[in-house]
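In the numbering used here, the protein residues as written are 1 to 191. The C-beta atom is built at its ideal place from N, Cα and C for all residues, glycine as well. Working notes, structure below.
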Ligand code: 5GP
């Protein structure tokens, strides 16, 4: 998605530890026009699919998932991050390592919101090592629902999450797939 790649080049900030900050347009201040274009693009990439729900993870996935859901006309369910271990019987849970915070979270989704007949599209802002998507996919499988695909706004293609998930047979659509990034040389992208 050229609009997004251009914006990353213009406003993205490369930080230590392979972290890309896109706080000025994607996940702190939000450019709502760009969000709309992102939602439309996901709709067009998954137009061949029957989707009943969008699943994401708090916090930065929620806004993107909501705009996207308007184009599919389906509800959004977001996994909550819980640090407590006393998880009730009414939730599906999965343990996820956080790339940005370098800690472990149990992510939980109430059982009432994911049903075996659901066809799920996972949406998230970033794909790095793939732990978030793996955790969400695990929750989809615990519910007995079907995972239709995964829509990612920015994939850091130099980390191995995307390749590993594709090898497992997941359909991943990334709107910008970064090949390399550095503070002085800027960005290159996969086609
Ligand atoms: P993964 O689980 O694939 O290793 O990392 C994906 C999650 O970590 C995303 O939900 C995202 O919030 C966060 N993340 C990973 N890499 C970056 C990054 O470079 N910048 C930002 N802002 N978030 C990231």
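Around the Cβ of residue 155, are there at least 16 other Cβ atoms within 10 angstroms (buried) or fewer (exposed)? Within the chain shown, residue 155 is the residue found at index 155, counting from 1. Residue 155 sits buried, since 16 or more C-beta atoms from the chains shown fall within 10 Å of its C-beta.
Please determine, among 56, 62 and 48, the residue with the shortest C-alpha to C-alpha distance to residue 27. By one-based count along the chain shown, residue 27 stands at place 27. Residue 62 is the option with its Cα nearest to residue 27.
Write down every uninterrupted run of the beta strand (DSSP E) in the region 69-101 whose length is 3 residues or greater and which is fully enclosed by it, in chain order. Here the runs fully enclosed are 76-82 and 91-97.
Return yes when at least one heavy atom of the ligand 5GP lies under 7 angstroms from the C-beta of residue 107, else no. Here residue 107 refers to the residue found at position 107 when the chain shown is read from its first residue. No, since every heavy atom of the ligand 5GP falls outside the 7 angstroms radius drawn around the Cβ of residue 107.
Among 177, 46, 136 and 165, which one has its Cα closest to the Cα of residue 55? Start at 1 with the first residue of the chain shown, and residue 55 comes out as number 55. Of the candidates 177, 46, 136 and 165, the one whose C-alpha sits nearest the C-alpha of residue 55 is 136.
Should residue 188 be counted as a contact of the ligand 5GP given a C-beta to heavy atom distance under 7 angstroms? By 1-based counting over the chain shown, the position of residue 188 is 188. For the ligand 5GP, not one heavy atom lies less than 7 angstroms from the Cβ of residue 188.
Which partner residues does residue 152 have in the DSSP bridge list? One-based indexing of the chain shown puts residue 152 at position 152. Residue pairing by DSSP places residue 152 opposite 124 and 174 in a beta bridge.
Kindly examine the ligand 5GP and report whether one of its heavy atoms sits closer than 7 angstroms to the Cβ of residue 124. For this step, residue 124 is matched to residue 124 along the chain shown. If you check the C-beta of residue 124 against the ligand 5GP, you find a heavy atom less than 7 angstroms away.
Tell me the DSSP secondary structure of residue 20 in three-state form. Along the chain shown, read from residue 1 onward, the residue named residue 20 stands at position 20. In this structure, residue 20 counts as strand in the three-state DSSP scheme.
On a Cα-Cα basis, can you pick out the residue from 1, 36, 145 and 188 that is closest to residue 157? Here residue 157 is taken as the residue at index 157 of the chain shown, counted from 1. Ranking 1, 36, 145 and 188 by Cα distance to residue 157 puts 188 first.
By the three-class DSSP mapping on this structure, what secondary structure does residue 115 have? Translated into positions along the chain shown, residue 115 becomes position 115. DSSP places residue 115 in coil when its eight states are reduced to three.
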